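S.K.: Provided herewith is a single structure, encoded as structure tokens, for subsequent inquiry.
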Amino acid sequence: MLFKNKFLTKFLTLGWTSCIGDALYVLALMTYAATLDDPALGILIITISSTFPQIVEVITGALADSTKRKTQLLINSGVFRGFIFISIGFIIMTTNSLWGILAIGILNAFSDTAGNFTELIKTPMMKMMVKEEQLEEVIGTDQGFRQIIDVIAGFLGTLLLGFLGIYYLTFMNAFVFFVVAFGFNRLKKHLVPLENKITPPEYKTIKDMLTHIFRNISRLLKMTALRNFLLLSASLGAVLGTTTTVLLMAFANNVSAQVASFEFTVTLLKTILLTVAIVASVVGPKLLGGVPMSILLITALIGGILFMGTLGMFEMIWISVIFLAVMMFCGTVFSVRLNALFMKSVPTETLGTMAAGMNVFSAVLPIPITILLNTVAAISLNTYAIVGSVVAFIVIIAVLILKVDKIDFKAQFSNIQSYAKE
Numbered sequence: 022m023l024f025k026n027k028f029l030t031k032f033l034t035l036g037w038t039s040c041i042g043d044a045l046y047v048l049a050l051m052t053y054a055a056t057l058d059d060p061a062l063g064i065l066i067i068t069i070s071s072t073f074p075q076i077v078e079v080i081t082g083a084l085a086d087s088t089k090r091k092t093q094l095l096i097n098s099g100v101f102r103g104f105i106f107i108s109i110g111f112i113i114m115t116t117n118s119l120w121g122i123l124a125i126g127i128l129n130a131f132s133d134t135a136g137n138f139t140e141l142i143k144t145p146m147m148k149m150m151v152k153e154e155q156l157e158e159v160i161g162t163d164q165g166f167r168q169i170i171d172v173i174a175g176f177l178g179t180l181l182l183g184f185l186g187i188y189y190l191t192f193m194n195a196f197v198f199f200v201v202a203f204g205f206n207r208l209k210k211h212l213v214p215l216e217n218k219i220t221p222p223e224y225k226t227i228k229d230m231l232t233h234i235f236r237n238i239s240r241l242l243k244m245t246a247l248r249n250f251l252l253l254s255a256s257l258g259a260v261l262g263t264t265t266t267v268l269l270m271a272f273a274n275n276v277s278a279q280v281a282s283f284e285f286t287v288t289l290l291k292t293i294l295l296t297v298a299i300v301a302s303v304v305g306p307k308l309l310g311g312v313p314m315s316i317l318l319i320t321a322l323i324g325g326i327l328f329m330g331t332l333g334m335f336e337m338i339w340i341s342v343i344f345l346a347v348m349m350f351c352g353t354v355f356s357v358r359l360n361a362l363f364m365k366s367v368p369t370e371t372l373g374t375m376a377a378g379m380n381v382f383s384a385v386l387p388i389p390i391t392i393l394l395n396t397v398a399a400i401s402l403n404t405y406a407i408v409g410s411v412v413a414f415i416v417i418i419a420v421l422i423l424k425v426d427k428i429d430f431k432a433q434f435s436n437i438q439s440y441a442k443e
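According to this note's numbering, the sequence shown is numbered sequentially starting from 22.
Laid out in structure tokens, this is it:
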């Protein structure tokens with residue numbers, strides 16, 4: 022379906038193209054930070070600057086909702102980010118100091134914020150391009166292709182660094198975003214009619230914008246169905262978030278389980294898990310389209326229990342990888358289905374704010390469980406298996422009690438629709 026819709030394909034391809042630039046840029050930035058006299062401080066500054074856009078994402082979403090000239094801002098964002106990367110390239114060329122990395126950190130925060138803004142503008146447009154029943158396939162394919170491109174671009178960037186300077190990658194990144202801006206300009210005549218169908222909320226003052234944010238976030242929090250879904254999804258995400266770290270611990274402590282060397286084993290493991298995630302994103306929604314979301318979630322959690330048991334209790338590391346693959350596959354399909362259900366249900370006029378709120382909650386909610394499981398794993402993999410299995414079992418019971426398959430999201434969001442029209 023996706024590649025038969027040429028307009029949608031071109032629209033998504035521009036997003037995939039920007040992924041090339043992002044992958045090259047991250048590689049260049051971390052390589053530059055590593056060359057400083059204090060590389061740890063440099064990497065910390067870059068990490069903090071990358072966190073800032075996430076902190077202000079809800080505000081970015083509200084601004085994306087209120088934007089009237091969405092297509093023009095997509096074009097402007099590409100040009101803006103292109104010039105930012107040219108500036109970063111010149112900084113890398115001319116200095117290798119703390120002030121240089123501080124300036125890059127500030128520019129990086131602006132660039133990533135502009136990138137988030139662009140994605141939140143594109144989300145309602147993509148929703149309007151396809152039928153509701155096609156959203157899962159489109160979201161899954163988009164997610165899968167982004168992962169593929171990220172890997173390929175990272176590999177090519179590593180090769181280029183071997184015979185080009187670091188700043189060349191930033192200039193190449195700038196060129197990529199100029200191409201993206203040019204591409205959106207070519208699609209302008211198709212995108213403008215879409216944006217004209219959206220009635221954006223108007224903010225006369227900053228107070229109006231903050232009121233819009235708090236009202237919509239408050240509605241999100243008060244919706245029992247959505248809150249339950251977020252908590253269940255976050256619990257699954259928390260368990261998944263510990264698996265790679267725990268596997269690396271297990272391989273490091275068990276030389277006989279390694280293939281050739283620890284480095285090669287890590288590469289092989291990441292390749293396997295990435296392949297599972299990509300296949301689940303691209304093929305999973307269609308392959309498991311008729312499977313209820315509760316079954317997907319329960320199967321993923323059972324896979325998690327078996328993963329933790331075979332790894333922590335019996336030290337069957339490669340067998341545990343099989344169960345982890347099952348967990349990742351079902352968890353990825355569940356995530357795609359949840360995102361599609363969310364997009365179908367949220368009014369287009371407030372999708373930016375709502376999507377940003379969902380992103381923040383999805384990032385924050387798993388943290389306590391992830392910290393608990395990682396701490397326990399550092400003490401004992403056996404204890405990790407017990408604690409993690411208890412967490413997963415509790416979530417399975419919650420899925421059965423809450424009857425998530427019977428949730429009507431559209432009914433939950435009906436009051437937001439009326440608010441959007443005020």
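For each residue, glycine too, the CB sits at the ideal point set by N, CA and C. Keep in mind the model is a prediction, meaning the values are calculated, not measured.
What would DSSP say about Val354, mapped onto helix, strand or coil?
M.R.: Three-state result, Val354: helix.
S.K.: With hydrogens ignored, establish whether the beta-carbon of Ala419 is closer than 7 Å to any heavy atom of the ligand GTP.
M.R.: Among the ligands in the structure shown, none appear at all, so the ligand GTP cannot be discussed.
S.K.: Inspect the beta-carbon positions of Phe32 and Leu208 and report whether they are closer than 8 Å.
M.R.: In this structure, Leu208 lies closer than 8 Å to Phe32 by Cβ.
S.K.: Please return the same chain residues whose Cβ sits closer than 6 Å to the Cβ of Ser132, not counting the five positions on each side in sequence.
M.R.: Contacts found: Arg102, Ile105.
S.K.: Would the beta-carbon of Tyr519 fall within 8 Å of that of Asn194?
M.R.: What is shown of the chain runs 22 to 443, which leaves residue 519 out entirely.
S.K.: Using 8 Å as the threshold, is the C-beta distance between Ile127 and Ile112 below it?
M.R.: Cβ distance not < 8 Å, so Ile127 and Ile112 don't count as in contact.
S.K.: Do you know offhand how far Cys351's Cα is from Lys225's?
M.R.: Between Cys351 and Lys225, the C-alpha separation is close to 45 Å.
S.K.: Leaving out five residues on either side along the sequence, give the residues of the same chain with a beta carbon under 7 Å from the beta carbon of Ile41.
M.R.: Taken in chain order, the residues that qualify are Ile170, Ala174, Val197.
S.K.: In chain order, what residues of the same chain have a beta carbon less than 6 Å from the beta carbon of Met329, not counting five sequence neighbours either side?
M.R.: Answer for Met329: Ala406, Gly409, Ser410, listed in chain order.
S.K.: Going along the chain, which residues of its own chain have a beta-carbon closer than 6 Å to the beta-carbon of Leu309, five neighbours each way excluded?
M.R.: Within the same chain, Leu309 has close Cβ partners Val354.
S.K.: Let me know if Ser239 comes out buried or exposed under the rule of 16 or more other beta-carbons within 10 Å of its beta-carbon.
M.R.: Exposed, by the Cβ-count rule.
S.K.: Thinking C-beta only, is Ala278 closer than 8 Å to Ile338?
M.R.: Result yes, Cβ atoms of Ile338 and Ala278 sit closer than 8 Å.
S.K.: Decide if Glu153 is buried, meaning its Cβ has at least 16 other Cβ atoms within 10 Å, or exposed.
M.R.: Looking at its Cβ environment, which holds fewer than 16 other Cβ atoms inside 10 Å, Glu153 is exposed.
S.K.: Return the first residue and the last residue of the alpha helix (DSSP H) that Leu190 is part of.
M.R.: 187-207 is the extent of the alpha helix (DSSP H) around Leu190.
S.K.: Pick from Ser315, Val280, Ile343, Ala271: whose alpha carbon is nearest that of Ser401?
M.R.: For Ser401, the nearest C-alpha among the options comes from Ala271.
S.K.: I'd like to know if the segment 143-162 and the segment 298-309 are in contact, where contact means that at least 3 CB-CB pairs between them fall below 8 Å.
M.R.: Touching, yes.
S.K.: Does Tyr1 come out as helix, strand or coil in the three-state DSSP assignment?
M.R.: The question about residue 1 has no answer here: the residues shown for the chain are numbered 22 through 443.
S.K.: In three-state DSSP terms, what is Thr286?
M.R.: Reduced to three states, the DSSP call for Thr286 is helix.
S.K.: Who are the Cβ neighbours of Lys91 in its own chain at under 6 Å, not counting the five residues just before and after it?
M.R.: Once the five neighbours on either side are set aside, the close Cβ partners of Lys91 are Ile142, Glu216.
S.K.: How about Val267 and Leu359: are their beta carbons less than 8 Å apart?
M.R.: No, they are not a contact pair.
S.K.: What does a CB cutoff of less than 7 Å around Ala54 pick up in its chain, not counting 5 residues either side in sequence?
M.R.: Excluding positions up to five away in sequence, the list reads Pro60, Gly63, Ile64, Ile67, Ile122.
S.K.: Suppose contacts are defined by Cβ-Cβ distances below 8 Å. Is Val367 in contact with Met375 by that definition?
M.R.: Cβ atoms of Val367 and Met375: closer than 8 Å.
S.K.: Quick check on this structure: which residue in Thr404, Thr369, Phe283, Met146 has the alpha carbon closest to the alpha carbon of Phe335?
M.R.: Closest option to Phe335, Cα to Cα, is Thr404.
S.K.: For Val151, which residues from the same chain have a beta carbon less than 6 Å from its beta carbon, with the 5 sequence-adjacent residues on both sides left out?
M.R.: Here the set comprises Val159.
S.K.: Please go through the same chain and pick out, in chain order, the residues whose beta-carbon is closer than 8 Å to the beta-carbon of Phe28, but skip the five residues on each side of it.
M.R.: Cβ within range, chain order: Met150, Leu208, His211.
S.K.: Helix, strand or coil: which one does DSSP assign to Pro60?
M.R.: If DSSP states are grouped into helix, strand and coil, Pro60 belongs with the helices.
S.K.: Could you round the C-beta distance between Thr38 and Val201 to whole angstroms and report it? I think they count as a contact, below 8 Å.
M.R.: With 8 Å as the limit, Thr38 and Val201 qualify as a contact, their Cβ atoms being about 5 Å apart.
S.K.: Roughly how many angstroms lie between the CA atoms of Thr116 and Leu50, to the nearest whole one?
M.R.: Whole-angstrom Cα-Cα distance: 14 Å.
S.K.: Below 7 Å CB to CB, which residues in the same chain sit around Leu423 once its five sequence neighbours on both sides are set aside?
M.R.: For Leu423, where only same-chain residues beyond five positions count, the Cβ hits under 7 Å are Asn249.
S.K.: What did DSSP end up calling Gln93 once you bin it into helix, strand or coil?
M.R.: In the structure shown, Gln93 sits in a helix (DSSP, three-state: H, G or I).
S.K.: Could you tell me the boundaries of the alpha helix (DSSP H) in which Pro389 lies?
M.R.: Where Pro389 is concerned, the enclosing alpha helix (DSSP H) stretches over 388-400.
S.K.: Please list, in chain order, all residues of the same chain as Ser439 whose beta carbon is under 7 Å from its beta carbon, the five residues on each side excluded.
M.R.: Its pLDDT being 47, under 50, Ser439 is placed unreliably in this model, and the coordinates cannot settle the point.
S.K.: For Gln155 and Thr144, what's the separation of their Cα atoms in angstroms?
M.R.: Straight-line Cα distance between these residues: approximately 14 Å.
S.K.: Give the straight-line distance between the Cα atoms of Ala259 and Lys89, rounded to the nearest whole angstrom.
M.R.: Taking the straight line from one Cα to the other gives about 38 Å.
S.K.: Could you tell me which uninterrupted alpha helix (DSSP H) segments, each at least 4 residues in length, are contained entirely in the segment 36-85, listed from first to last along the chain?
M.R.: Counting only runs of 4 or more, we get 60-76.
S.K.: Give every residue of the same chain whose Cβ lies closer than 6 Å to the Cβ of Ser87, excluding the five residues on either side of it in the sequence, and list them in chain order.
M.R.: Pro221, Pro222, Tyr224.
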